[in-house]
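Down below is the structure, laid out as structure tokens.
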Amino acid sequence: MKLVHQINLAFGAALVLVLSITAVLIHFVLLDHFMGTQKEDMKKMGAALTATLEQEATIRPATGAVLPTITAAVTPAAVGMSAIVTDPKGNDVKTGEAISLHAAAIKVSSRADAVQTTDLQQIWNGTDQRFLVNVSAVPQGTLTLLTPVSKIREIERALLDRLLLVFGVGGVLMLVLSHVITRKLIKPLMKLKEELTKVKGRQFSNVNLVKAGGEIGSVAQTVYEMAGELNRFNHAQKQFFQNASHELKSPLMSISGYAEGIRDGVFEGEQIRKGLDIILSESGRLKNIVTEITLLAKLDSEEDIYQPSVISLKELLMETIERINPMLVKKEIKLHPHYNEHEPLTIHADRDKLLQALLNLASNAIRHANNHIYIHAGISKGRIEIMVSDDGSGISEELLPHLFHRFVKGKDGETGLGLAISRAIVERCGGRIQAGNRKEGGAIFSLGFPAAV
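Note that the sequence shown covers residues 8 to 460 in the numbering used here.
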């Protein structure tokens, strides 16, 4: 069953249940209200009739005087009320023809006319539940007011029928409105399902943004962004294999060419030695590429390759400087380290991996520097910052957005994997890495890490 039908069915069932419970409650509330109101009216009428009968008892029939008219407030539910006057022995007492009341005329009837087969004593005792009763003492004997409960039930049922009709019409309108709203809410979900089907089929570039509001809109935006990321990742993966194939193919072709030349006697004397040196050099380059590709794959997939601990950044920087010192001397580059000896520069990271990332950045700076390299470390806004910069020509604006991608090589680059490895290591350490150009000229790499607790 479709989701829209499930929601409408659930809403319809809930609506029917609520309306049914409401109707039952209204039935009992109305019945109780009408009976209570009728009892109050009977009390008022009983008092009015008692006063009238007392006046009648003081007037001599021979005078021919007219009975006074007594006015009392009567509700529509009072219609159908009967009055019986009996003497102390239970016999009917003859009174005037009628007692006139405001909005109703209640005739003082005989017991046979008002009650028929019911014993008046049962009514007085309350054992007959078919009538509402009000009993008053009058000079003539006892005044009994009777209202059949069936009359009240008829009025209550007529009003309840109208209410049920209103409920029914309102329920149908609510169901129609619910169906319209549900379809409006479900329609984006159905479109989102179609876009997710495209994601499942790896058609990332064909995924469209589903326009919707609220949480559905947020999910749709997330799916759209996820498809974009997957498309970029898919493209990067294809580009990676193409670049890896090219990078591996170049040294293999050199190795193969010189090996065949030596085997076939093309090279002689010093050329053989030169060819062997090239084979060794290209073999070393090939080994470095394979090692870096393997490291990147492990950083992306394996958890146990990363062994974090609390390390001192000052000691790590000192070891980095010692490692790159031969390169500095060879290229006559001057290094300017700067950090506060009294600041507790400690972070939570894998020491060996982070050392490799710093060596990659420092080596990259040495290749592009003219005369100077700057390494700065300190605390900024609660985070530990490291900046490695040089006074070289800087990074081209076209290369800057893709600098940390795999096999992206700048001027004098080697494998194009060093900066990608550095980014992977820094991010695994919970940090971030950014690249830019200095105002004074040259490139600058900024690393940020949360301080160790």
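Note that CB positions come from ideal geometry on N, CA and C, so glycine has one too. Quantities reported herein were computed from a predicted structural model and do not represent experimental measurements.
Quick one: grab the DSSP three-state call for residue i.
i       : result
Arg-239 : helix
His-349 : coil
Phe-274 : coil
Ile-402 : coil
Asp-357 : coil
Ala-17  : helix
Gln-246 : helix
Glu-392 : strand
Gly-385 : strand
Ala-121 : In this prediction, Ala-121 scores a pLDDT of 47, lower than 50, which makes its location untrustworthy; the coordinate-derived value is nonetheless stated afterwards. The answer is helix: DSSP assigns Ala-121 an H, G or I state.
Ala-442 : strand
Leu-410 : coil
Leu-424 : coil
Val-145 : strand
Val-217 : coil
Val-23  : helix
Gln-363 : helix
Glu-447 : coil
CA-CA distance, residue i and residue j?
i       : j       : result
Glu-339 : Asn-378 : 7 Å
Arg-435 : Ser-212 : 29 Å
Ala-450 : Ser-261 : 33 Å
Lys-256 : Leu-302 : 20 Å
Leu-383 : Glu-222 : The amino acid at residue 383 is misidentified as Leu; the sequence shows His. The straight-line gap from Cα to Cα measures roughly 45 Å.
Gly-282 : Leu-342 : 37 Å
Leu-172 : Ala-21  : 18 Å
Asn-141 : Leu-56  : 11 Å
Gly-443 : Leu-454 : 12 Å
Asn-15  : Val-214 : 30 Å
Ala-17  : Thr-189 : 12 Å
Ile-391 : Tyr-381 : 17 Å
Gly-276 : Phe-452 : 48 Å
Pro-408 : Glu-348 : 35 Å
Lys-207 : Leu-293 : 37 Å
Leu-184 : Lys-191 : 11 Å
Pro-315 : Val-433 : 12 Å
Leu-166 : Ile-33  : 10 Å
Ser-290 : Arg-280 : 15 Å
Glu-267 : Glu-350 : 60 Å
Asn-238 : Leu-366 : 32 Å
Glu-63  : Thr-44  : 28 Å
Among the options, which has the Cα closest to the Cα of residue i?
i       : options                               : result
Phe-414 : Ile-380, Ser-403 and Leu-426          : Leu-426
Thr-154 : Ala-55, Ile-91 and Leu-407            : Ile-91
Leu-323 : His-343, Ile-393 and Ala-304          : Ile-393
Glu-475 : Glu-326, Gly-178 and Asp-398          : Residue coverage of the chain in this structure runs from 8 to 460, which leaves residue 475 outside it and unanswerable.
Ala-234 : Lys-294, Leu-182, Glu-202 and Leu-166 : Glu-202
Glu-161 : Ala-227, Val-226, Pro-408 and Leu-38  : Leu-38
Met-181 : Ile-402, Val-433 and Gly-19           : Gly-19
Gly-389 : Ser-370, Lys-337 and Pro-457          : Pro-457
Leu-335 : Lys-305, Ser-370, Ala-356 and His-355 : Ser-370
Val-217 : Gln-210, Arg-209 and Met-197          : Met-197
Leu-60  : His-34, Ala-144 and Val-433           : Ala-144
Gln-147 : Thr-65, Arg-209, Arg-270 and Leu-166  : Thr-65
Ala-364 : Ile-386, Phe-411, Ala-219 and Ser-400 : Phe-411
Val-36  : Val-156, Pro-95, Glu-163 and Thr-149  : Glu-163
Asn-241 : Arg-209, Ile-193 and Leu-424          : Arg-209
Tyr-346 : Met-325, Ala-356 and Asp-357          : Met-325
Ile-193 : Thr-204, Gly-224 and Asn-238          : Gly-224
Ala-459 : Ala-376, Ala-356, Arg-445 and Glu-404 : Ala-356
Asn-332 : Val-226, Ile-373, Arg-358 and Ala-304 : Ile-373
Ser-288 : Tyr-265, Val-273 and Ile-269          : Tyr-265
Val-31  : Ala-227, Phe-174 and Leu-406          : Phe-174
Ser-89  : Ala-58, Leu-152 and Phe-274           : Leu-152
Ser-157 : Arg-137, Gln-228 and Leu-259          : Arg-137
Would residue i and residue j be called neighbours here (beta carbons separated by less than 9 Å)?
i       : j       : result
Leu-139 : Lys-46  : yes
Val-230 : Leu-199 : yes
Leu-24  : Gly-178 : no
Ile-354 : Ile-318 : yes
Leu-320 : Tyr-313 : no
Ile-386 : Leu-352 : yes
Ile-440 : Glu-299 : no
Val-395 : Leu-361 : no
His-29  : Pro-95  : One detail in the question is off: residue 29 reads as Thr in this sequence, not His. For Thr-29 and Pro-95, no; Cβs fall outside 9 Å.
Gly-401 : Arg-445 : yes
Closer than 8 Å to a non-hydrogen atom of the ligand FAD - does that hold for the CB of residue i?
i       : result
Gly-443 : The ligand FAD is not part of the structure shown, which contains no ligands of any sort.
Using DSSP's beta-bridge definition, name the partner residues of residue i.
i       : result
Lys-341 : His-379
Ile-453 : The question names Ile, but residue 453 in the sequence shown is Ser. Met-394 and Gln-441, per the DSSP bridge assignment.
Pro-155 : Phe-138
Ile-1   : In the structure as shown, the chain starts at 8 and stops at 460, and residue 1 therefore has no counterpart that could be examined.
Leu-150 : Val-92 and Ser-143
Val-317 : His-355
Ala-458 : Ile-354
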